[in-house]
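S.K.: Got a structure here, written out as structure tokens. Questions coming.
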Amino acid sequence: MNKIKKYVLIVAIIVICVGIGIYVILPLLNMEDKIVSGDESEVITLPKPRYESETSIEKALFERRSVRDYKDEPLNLTEVSQLLWSAQGITDPKGYRAAPSAGALYPLELYVVAGNVYNLPDGIYKYYPHSHELTRVVEGDKRTELCNAALGQSHVRDAAAVIVFSAVYERTTVKYGERGIRYVHIEVGHAAQNIYLQAVSLDLGTCVVGAFTDGEVREVINMLDEEHPLYIMTVGKK
Ligand SMILES: Cc1cc2nc3c(=O)[nH]c(=O)nc-3n(C[C@H](O)[C@H](O)[C@H](O)COP(=O)(O)O)c2cc1C
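Below, the structure written as structure tokens:
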């Protein structure tokens, strides 16, 4: 092999190695924001939540505000993961969660209406706290329909993602009777406040929405018959 051929061979090997680096190794390093399930379109394993930050609880309380104006910028899966974990994430091997629940009966369900989230196809997803996964229940961007169900409040349409809380009252009323209804309503407040405080720590804007037509929200989300919509939270970059 003459000198020129050797030179060409070495350059070719370098180009191939760099190519492998870019297309194989780099994406692996950035796995936490990737869809990592077997079926990419249906089940999304969320990045592991973090349990520490530079934001003190006092700062989060002081800075918490309802924010309704959002930049047209995407959230990432790490942010979505952290917000969902703050509301209902598992924080104890016995199954206890980030928010308290009467009798540890956990009547709340969470949905994410995604319209502008990196690596999350537009759609509606249900959150599963034990596996920290999302499962898609509706395809496509449903923010405008949800906005209409929320009396046309524009921040529901403009948010990068919208979190919807529903409740299965029977999980709590089976033990506490009528009083369980009160407990469920208190619980959704606990969970929503956690999201408010977590949003401060992530430097995101969020706002609760209580004004909506139950039947329309239920229809947009495609909720199970046993679930009742309770609360909505819009989220976006501020
Ligand atoms: C139960 C409840 C329902 C609410 N519903 C709405 C709503 O439908 N739309 C909205 O923009 N804000 C809603 N808010 C947010 C309040 O307007 C907001 O908390 C209030 O203006 C005080 O502002 P702050 O949250 O920044 O302290 C609601 C708040 C609560 C507690």
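For the sequence shown, counting from 1, position 192 maps to 266 in our numbering; every step adds exactly one. Here a beta-carbon is modelled for each residue, glycine too, at the ideal position from N, C-alpha and C. Since this is a predicted model, take the numbers as computed values, not measurements.
May I ask whether a heavy atom of ligand 1 can be found less than 7 Å away from the beta carbon of Gly284?
M.R.: Gly284: yes, Cβ under 7 Å from ligand 1.
S.K.: List the DSSP bridge partners of Tyr180.
M.R.: Bridge partners of Tyr180: none, in fact.
S.K.: Taking Cys281 as the reference, give the member of Asp288, Asp143 and His206 with the closest Cα.
M.R.: Ranking the options by Cα distance to Cys281, first place goes to Asp143.
S.K.: Report the three-state DSSP secondary structure of Lys200 (helix, strand or coil).
M.R.: If DSSP states are grouped into helix, strand and coil, Lys200 belongs with the strands.
S.K.: Can you check the region 123-198 for any alpha helix (DSSP H) of at least 4 residues that lies completely inside it and give the ranges in chain order?
M.R.: Here the runs fully enclosed are 131-137 and 151-162.
S.K.: Specify the secondary structure class of Gly254 as computed by DSSP and reduced to three states.
M.R.: Note: Gly254 maps to helix in three-state DSSP.
S.K.: At a cut-off of 7 Å, would you count Cys67 as near ligand 1, judging by its Cβ distance to the nearest heavy atom?
M.R.: The structure shown does not extend to residue 67, since the chain is modelled only from 75 to 312, so the question has no answer here.
S.K.: On the premise that Leu304 lies in contact with Ala235, defined as a C-beta separation below 8 Å, what is that separation, rounded to the nearest angstrom?
M.R.: Their Cβ separation, rounded to whole angstroms, is 18 Å, which puts Ala235 and Leu304 out of contact at 8 Å.
S.K.: At the level of alpha carbons, what is the spacing between Pro123 and Tyr201?
M.R.: Rounded to whole angstroms, Pro123 to Tyr201 spans 14 Å at the Cα level.
S.K.: Give a single yes or no on whether Arg139 has its beta carbon closer than 7 Å to a heavy atom of ligand 1.
M.R.: Checking every heavy atom of ligand 1 against the Cβ of Arg139, one is found closer than 7 Å.
S.K.: Can you tell me where the alpha helix (DSSP H) with His206 in it begins and where it stops?
M.R.: Unbroken run through His206: none, as it is neither H nor E.
S.K.: For Gly310, list the residues DSSP reports as bridge partners.
M.R.: According to DSSP, which records beta bridges pairwise, Gly310 is partnered with Gly279.
S.K.: Would you report the Cα separation of Asp232 and Glu137, rounded to the nearest angstrom?
M.R.: For Asp232 and Glu137, the distance between alpha carbons rounds to 22 Å.
S.K.: Using 8 Å as the threshold, is the C-beta distance between Leu182 and Glu261 below it?
M.R.: Yes, these two residues count as a Cβ contact at 8 Å.
S.K.: Please state the DSSP three-state secondary structure of Thr119.
M.R.: Of the three classes helix, strand and coil, the one that applies to Thr119 here is strand, per DSSP.
S.K.: Start and end of the beta strand (DSSP E) containing Ala241?
M.R.: Per DSSP, Ala241 belongs to the beta strand (DSSP E) from Ala235 to Ala241.
S.K.: Only counting the same chain, and skipping five residues up and downstream in sequence, which positions put a Cβ closer than 7 Å to that of Ile255?
M.R.: Once the five neighbours on either side are set aside, the close Cβ partners of Ile255 are Tyr243 and Thr247.
S.K.: Once you ignore the five residues that flank Gly310 on each side, which residues in its own chain have a CB closer than 6 Å to its CB?
M.R.: Within the same chain, Gly310 has close Cβ partners Tyr144, Ala233, Ala234 and Gly279.
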